[in-house]
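One structure is given here, and the rest of the page talks about it.
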Amino acid sequence: MSRSILISGGFIAASMLLLAACGSGQEGKAATPAAAPAPPPVAASPAIQKIYDSTCSNCHGKPASGAPQLGDAKAWAPRVAQGREVVLGHIINGYQGMPPMGLCMQCAEDDFIAVTEYMAGAKLQ
């Protein structure tokens with residue numbers, strides 16, 4: 420046999436051994452699933468979606484803002500627990516980093532409640 424055939428044959432054999440070793444010990448083990456993303460929020464009416472897209476998403480759609488994010492039920496739960504009047508007061512007057520009226524000067528109280536319920540995925544009582 421020529422030397423090049425022996426070298427290429429040895430390379431192939433070594434490659435096969437390496438590939439076989441990569442799979443050893445993994446049989447029967449399920450892959451570790453990645454963290455599940457938050458479920459998508461309930462669909463909003465076109466008017467509420469427009470309010471969210473044009474004003475609310477500037478903070479509630481950017482995790483770096485520190486605002487509770489759209490569909491993050493865990494972050495919204497303590498806020499929802501405060502009740503409708505407290506949350507509405509925070510929206511209208513501003514609260515911590517949130518500007519008054521969430522910069523939605525054309526929004527009515529019902530709009531604020533609807534868009535908040537959309538973001539929180541829960542009813543405000």
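If you count the sequence shown from 1, position 102 lands on 521 in our numbering, and the numbers rise without skipping.
Note that the Cβ used here is the ideal one computed from N, Cα and C, for glycine as well.
Would you decide whether VAL499 is buried or exposed? Buried here means 16 or more other CB atoms lie within 10 Å of its CB. Counting other Cβ atoms within 10 Å of its Cβ, VAL499 reaches 16 or more and is therefore classed as buried.
My output table needs one value for ALA533: the three-state DSSP class, helix, strand or coil. In the structure shown, ALA533 sits in a helix (DSSP, three-state: H, G or I).
Where does MET558 fall in DSSP's three states? This structure cannot speak to residue 558, because the chain is shown only from 420 to 544.
Keeping to the same chain, check which residues put their C-beta closer than 6 angstroms to that of ALA486; ignore five residues upstream and five downstream. CYS478 and HIS479.
Is the CB-CB distance between PRO519 and ILE532 below 8 angstroms? Against a cut-off of 8 angstroms, the Cβ pair of ILE532 and PRO519 comes out as no contact.
Where does SER464 fall in DSSP's three states? If DSSP states are grouped into helix, strand and coil, SER464 belongs with coil.
Could you tell me if the beta carbon of GLY490 falls within a distance shorter than 7 angstroms of some heavy atom in the ligand FMN? With respect to the ligand FMN, the structure offers nothing, as it holds no ligand at all.
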